[in-house]
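Quick notes on the structure that follows.
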Ligand SMILES: [Zn+2]
Ligand SMILES: [Zn+2]
Ligand SMILES: [Zn+2]
Ligand SMILES: [Zn+2]
Ligand SMILES: [Zn+2]
Ligand SMILES: [Zn+2]
Ligand SMILES: [Zn+2]
Ligand SMILES: [Zn+2]
């Protein structure tokens, strides 16, 4: 096993760790350690909320979560010899859980604190705990299903340059200002509350806390992409914006459905990840990988081959209004259709919703040009159920 | 082989066929034939443009296509004993091509006549011809790739009730009226030009032509969903809105990438399709399949397992503006990123664009809740190329 | 579709066809037609018994089959410019059935006339008819299962040189002579009875009939390999032994289980096959493909991913005798174990036996070195059954 | 993670462990621990040779291995309430390696000490060391390949009853006596040398050592089946022959090719395995699972989908002699054909041989009835090579 280069005490919050991680993106957050290209190493990760959610049957911790704290990350790792313009090649060698932490959680955020994809339909907080047994997971809160996880980091990314950071802050602030009082906010701009910034202290801490971008959204640096197939055996090519690349990782998921629609999230867990880094010098220009990372998924995702698929189109379900080729609405309709179907099997709406956010369901953009309706689908693997779910 | 119940002469346009098909949705279009539940039958289909595009090297026919004519459909089929409230179960048994028509086309529509997903980047008409050899296709216009088709009907649907039709026309007209002069139009409302309405004639023809919804968008009845995995061996459950269900089909694709992003389209072809129909009485209510069809994909899609995946986020590529969780922009960025990469392999932008619209690429909604950025991906099977396309 | 270069009238036996095929291997059987490398073409094929088995419910035709007639082949095809020492590259583009012949058969041969892998357990003739519906098949004689076929030619091969033919005849005769009266025979040496030899006539016919090797076994030239994954989209590399290679094909199977254990056989059918030929000059030496063909399977086999697997070891089931690393006995035991299990689901032994020979079951050699027991397995896809077959 | 119920010190041989395991099958070997049905637990395992093979570049340890010591097993586990006639249900939850032991070995045994499937062609000892990086492995001794392991226990089984044990000893002795001086032996009958028998001591040890069957072959109790797909997520149904079932496990493989043809073996490793046990009361009779275990493979094997396949027939490669439907010879020929091909890529014969025994190659029995030739194939995943290996 690769050497553990980043170690945590899960009983403590991030800022009390020997090497505190970070929950903001900023080029000036000091590296936790450095490695040469070609090195494999292990990093331990807190769950994305920094341990706020407990293995019990009440959703109150979901309801009351402090979202200023998310997502806490492990790192950054400084990769020697890597410079802006290079591609950082990252292999996800393996991911696992801790013996004392063989479970994960999923939750629906309350509309007033986080919200979710279907928050207008499911505005109340809910929670499900998922137990792990080897490659499989089950939940006492969503009975009748068992599936193999596609374990992956929801969030992995490199540090932005100051220039790129500034661009992020500007464009997100501009969006936020179009409706500054909206709940949930259109964007979460820099906020010093609950910031964790590695070993920074004093004035430097205050400056970076005021400038650092939230770790919630995915951006040019990768970040919180929540791509369920970025699993064991995957190789990622990151554009590099700062010296050493400064790679960070967190938000481990035992499994997630495409879209991570409940927002909280996949099956969220603490755990460890084994990474190996390498570099392609000058690769950003050579391969035109400049805007976002590119990756090759690993070969060991579960072999589910039997799906029941729900379609949706871009007509608003509440007022029947026609939208123009809107994939969000189409996917929302597909998910709502799936939930209505799952309810005929005996699930509550909340259970069905959490199932779509945790099981390896596939969310597709099928038709995005057939004016005026986009068509999206959500595909549910039938083999995860303990009974036949087909219409008869 | 099932008996051919709907036969075409491909050298003639739809209205000159013995049983003319239709290119509008309307409950009053007479059935071409009727069958009992449990029956398998073959239907022949013209390509979606009714033969306007030719196997040659000029894109002029794409540029000048008459879109008032699309999509021409075969049918409708009246299924005996089926009534509103039932589910019509349709098995796609097989799909094939005609000996004299062993090719298909893909095209980028010009911005002024149809447009496409990336029309601001690729406003000029382009065309690629794809030759079929058994399960494989290649194109003289997009060299270096060969892939197995996931053959499917881009469009299959049942007739709307008058009430449902009215709802469609109202909501689409309302959208159109928000920007009535837009090119391309926000929606295409009923238009008697180039209408084909089966055997209707005279005043009845005129009435239906004036009321009939365009066949371009997918809707509650299925229709032009352009779902690439609705291929051989699939079973679809349609909500039924009129007596006999009145099933129609067309727009056959030898293959299509998720999104069908060039709009024209997948690999468009004429061909035949073998269907089998059955009924679940009262199934709409029982299974809550009321808003859109549900389906189970067939088991014989190509086993491509090695992908290179491109990410995109919801920041506009032209002005850098941040959009709120917008899957359309995120998927657009993913596609543009893929095209830039493919250009480093020697393809023109247009070739790369048409490749994304024809090869079995997978378009995913990965994260749709990480405020403010949606994350979408487009995954390209690497095994379709005649060389190694990975970054090195 | 490729041009049909070899056409049959299925109502007539092979020797009455315009171009009679052949049921013996001999270099002097004249080519039915010739093509250039790079050409695609269609050939029609009679079922392997030349039409002896009928779509009815009696196994008498299986019991009384004339095995001197099998396997009748279409061809040979002379490929211009191909010479001994080359590799003949054959692409299997597509395979299909005839409208009037949408069914196939499987049978257990009687011990006295053909026998089978489990002939000591199932010595009586039996038959099952399998109906095709698109990619799927079902049988009125083996209820409760439906599966997608992995359609393939059981037999495809090139002509032997005279020298190679002589080697075959010698080694097979030597084996036969070790127990000349055995039933079934240890080997079937040349036998003029029921020979079909293309257009040969008179003395030349008599000579070749006396020398020609039976088409039953697989050999260096390919031949009756009965490899179920040699399906649509596969590419085969044949060593070439005579000028023009002289490729022949037949014994089409809609589906077959590994081992083809009932001998008759897979789901045997008449049909057509589209092939494309090419050449690698001098390839036999360059790639050391000299002893047997090599191939790359196509990418569209059914995606069955859920199996129930039965093990067997090399201890004789009748007398309990230990055999040394004997894969035949181990596979026999695995099959017998599977049959006993399937009988608990309500099947007769004969039904279960025919199911193993027709469905896409996988037969593996798992351990072949663990002295003294070989371990083999037979894996049955659970998704082909209309109920849950797992132990509970 | 399940509680570790069986712990090892890898620096010591089995008999010096706190709970010594065993390397003979006998009902009287005391259980190492007991669990209730429904319990998950972890067991640690020594490699099958009990640590005789080292991570270095000389094959001398392979050459000189003491085979009287193999296979050392962890256990047995007594499962409370389980009785003869029941089925023991075993879930393989997870398998992994130790931090200090991130490598495995493969070797070709010398003809005089163990031999192998192709021992007449490769009589000398050879060794390859395989390093693990997450899900992948590579070898400095077999360059140019990298693959994802299908990690599994080569050996897992329950204790025989005294009666069954006696049957084994009799039938194996009878075979051995047909050629008592053969090298390697036809069977390895009980041999007290190097026996490890758990906590047994004194006269009881001596008795059991004299009676206990070797753990090398697979038998009715499962045992050394070397089934590469019995990997993570699999469920096995064992017939039960003694009270408590007495389950043992060992011979962990990071990966193995079908047949394990070099005999030593797959990629052999020490490691841990998480199991969960349950029972189906009276299941042996109900499901007729009496002769051998039955299993359902897990869903996370690597998604290799592109294979190059080599055929072989049952003609002896040395003397050209025809054998009757002999799968062993056919598979041997297929493997030899594959090796000759791999040599054209630059591998030595020994490297190619070890690659076939370690990579996830599939060994099939394709045709076992086409008198007189069996046809077997070995399929090599092309995606494991760092270059294109197809003939051109
Ligand atoms: Zn996330
Ligand atoms: Zn998450
Ligand atoms: Zn379409
Ligand atoms: Zn189309
Ligand atoms: Zn055959
Ligand atoms: Zn056959
Ligand atoms: Zn073993
Ligand atoms: Zn082993």
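Residue numbers (UniProt numbering), protein chains in the order written: chain B, 1 to 392; chain L, 1 to 392; chain U, 1 to 392; chain C, 1 to 392.
Even glycine gets a Cβ: it sits at the ideal position worked out from N, Cα and C.
Being a predicted model, the structure only gives us computed values, none of them experimental.
Of all the CB atoms in chain C, is at least one closer than 8 Å to the CB of residue i?
i             : result
residue 15/B  : no
residue 175/U : yes
residue 324/B : no
residue 299/U : yes
residue 387/B : no
residue 7/B   : no
residue 370/B : no
Ends of the alpha helix (DSSP H) at residue i?
i             : result
residue 170/C : 162-177
residue 332/C : 327-343
residue 423/C : One cannot answer for residue 423/C here, as it falls past the ends of chain C, which runs 1 to 392.
Should residue i be flagged as near chain U, meaning a C-beta pair shorter than 8 Å?
i             : result
residue 306/B : yes
residue 94/L  : yes
residue 99/L  : yes
residue 45/C  : no
Reducing DSSP to helix, strand and coil, say where residue i ends up.
i             : result
residue 205/L : helix
residue 122/C : coil
residue 357/L : helix
residue 68/L  : helix
residue 382/C : helix
residue 269/C : coil
residue 40/B  : strand
residue 298/U : coil
By alpha-carbon positions, which one of the options ends up nearest to residue i?
i             : options                      : result
residue 183/L : 88/B, 372/B, 345/B and 55/B  : 372/B
residue 378/U : 39/C, 191/C, 227/C and 186/C : 227/C
residue 110/L : 185/L, 233/L and 125/L       : 125/L
residue 257/L : 150/L, 346/L and 222/L       : 150/L
residue 306/U : 57/U, 86/U and 380/U         : 380/U
residue 344/U : 289/U, 230/U and 388/U       : 388/U
residue 11/L  : 51/L, 39/L and 157/L         : 51/L
residue 122/U : 144/U, 78/U, 63/U and 86/U   : 63/U
residue 214/U : 222/U, 190/U, 18/U and 203/U : 190/U
Mind checking if residue i is an interface residue toward chain L, Cβ cutoff 8 Å exclusive?
i             : result
residue 383/C : yes
residue 1/U   : yes
Identify the continuous beta strand (DSSP E) that holds residue i and give its terminal residues.
i             : result
residue 138/U : 136-139
residue 148/L : 142-148
Going along chain D, which residues have a C-beta under 7 Å from residue i?
i             : result
residue 303/U : No chain D is part of this structure, whose protein chains are labelled B, L, U and C.
For the region 10-25 of chain U against the region 178-198 of chain U, are there 3 or more C-beta pairs whose distance is under 8 Å?
yes
Touching by the beta-carbon criterion (3+ pairs, under 8 Å), the region 162-170 of chain B and the region 132-151 of chain B
no
For the structure I just gave you, are there three or more beta carbon pairs, one from the region 297-304 of chain B and one from the region 285-305 of chain C, closer than 8 Å?
yes
With three or more beta-carbon pairs closer than 8 Å as the criterion, would you say the region 313-321 of chain B touches the region 311-323 of chain U?
no
Do three or more CB pairs link the region 198-212 of chain B to the region 278-288 of chain B at distances below 8 Å?
no
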